[in-house]
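Residue numbers (my numbering), protein chains in the order written: chain A, 1 to 157; chain B, 1001 to 1157.
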């Protein structure tokens, strides 16, 4: 677990000694909200693209391919760690976004679902790398469920 | 080096036994060009966002922060492996893009500059993780140079 060092000069001192909601270090203090919003959307879109590659194999629309599956799953895992720094204070608005206000009202739950997602993507990356198709197809479904769970609570329709 | 397994059913057979241009497995066969274009743009934007966090520290606009620097540099390294599957055949058009046709005319050079970028981001991730500020600031400049080199040849103004 990295030491979280805070959001903003004042918060930095408090956060340095307290356990913050987000498991990852906060974004730099002077990031404009619109950039943060577009960043997190970029990461989530990239994750979706790689999930689609895997889904096509799961559905039998494309032939199974161990290297492509392993790579896509690895990218999904890596990407799943990246959006969270884009959800800092003040990023509920500034650009079109489906992020619901609940994200900032219930940060504990938001963090919990982030952790669920990252745990699921880690399993998928491992099983896709191993080449166990039945296993990674199951792990793929678990990741898709984790995405849905978070969206159900925190993304507007 | 992963075995590259091809783009499209016909290419798959050829590619399985040949050394393809791209060091990473190709994208799934049925990806629409507009989605591939938006995917690669999403990845490059996410890379840019994390580079900005590092640049702000290099310029002294934000205080040095080892955890944030290490995380951003790691993300830049991971992201630097991801865009390439979005540059497959037929993705020169389909959505607004600054990707120049030279990408598909000179794939050897494009691949070479990709490799330069990935080597540079790996060094940056390692030095940022170590906390050697002088070292990672130099490595940051090398990554910025690698971005510019590729853009000079392959991105329209």
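The beta carbon of each residue, even a glycine, is placed where N, CA and C say it ideally should be.
- Here the alpha carbon of residue 1114 of chain B sits roughly 15 Å from the alpha carbon of residue 1100 of chain B.
- CA-CA distance, residue 1153 of chain B to residue 1144 of chain B, rounds to 15 Å.
- Around residue 1127 of chain B, no beta-carbon contact reaches into chain A at under 8 Å, the shortest distance being about 17 Å.
- A contact is defined here as three or more CB-CB pairs under 8 Å, and the region 1086-1096 of chain B fails this definition with respect to the region 1046-1058 of chain B.
- Short of 6 Å from the beta carbon of residue 117 of chain A, and not among the five residues preceding or following it, lie these beta carbons of its own chain, in chain order: 80 and 146.
- Taking C-beta separations shorter than 8 Å and ignoring five residues to either side along the sequence, the partners of residue 1103 of chain B in its chain run 1087, 1092, 1110 and 1154, following chain order.
- Think of a sphere of 7 Å around the beta carbon of residue 75 of chain A: the chain B residues whose beta carbon falls inside it are 1082, in chain order.
- Rounded to whole angstroms, the gap between the alpha carbons of residue 60 of chain A and residue 38 of chain A is 33 Å.
- According to the DSSP assignment, residue 152 of chain A belongs to the alpha helix (DSSP H) that extends over 133-154.
- Counting only Cβ-Cβ distances below 7 Å, residue 1046 of chain B has contacts in chain A at 39, 42, 43, 46 and 82, in chain order.
- Within the region 89-123 of chain A, not one residue has a Cβ closer than 9 Å to any Cβ of chain B.
- A check of alpha carbon separations from residue 1083 of chain B across B:1076, B:1120 and B:1041 identifies B:1041 as the nearest.
- About 5 Å separates the CB atoms of residue 120 of chain A and residue 142 of chain A; that is less than 8 Å, so the two are in contact.
- Boundaries of the alpha helix (DSSP H) harbouring residue 1116 of chain B: 1107-1130, taken from the DSSP string.
- The residues 1070, in chain order, have a CB closer than 6 Å to that of residue 1129 of chain B in the same chain once the five nearest residues on each side in sequence are set aside.
- Linking residue 140 of chain A to residue 44 of chain A through their CA atoms gives a straight-line distance of about 16 Å.
- Interface flag for residue 1035 of chain B against chain A is set, since a Cβ pair is found closer than 8 Å.
- Residue pairing from DSSP places residue 99 of chain A in a beta bridge opposite A:155.
- Within the model, the alpha-carbon separation for residue 1078 of chain B versus residue 134 of chain A is close to 27 Å.
- Counting along the chain, residue 82 of chain A sits inside no alpha helix (DSSP H), nor does DSSP assign it H or E at all.
- Here the alpha carbon of residue 1127 of chain B sits roughly 33 Å from the alpha carbon of residue 108 of chain A.
- For a Cβ distance threshold of 7 Å, residue set 1078 of chain B lies close to residue 78 of chain A, ordered along the chain.
- About 5 Å separates the beta carbon of residue 131 of chain A from that of residue 66 of chain A, a gap short enough to meet the 8 Å contact definition.
- Contact check for residue 85 of chain A against residue 50 of chain A fails: the beta carbons are separated by 8 Å or more.
- By the 16-neighbour rule on beta-carbons within 10 angstroms, residue 1156 of chain B is exposed.
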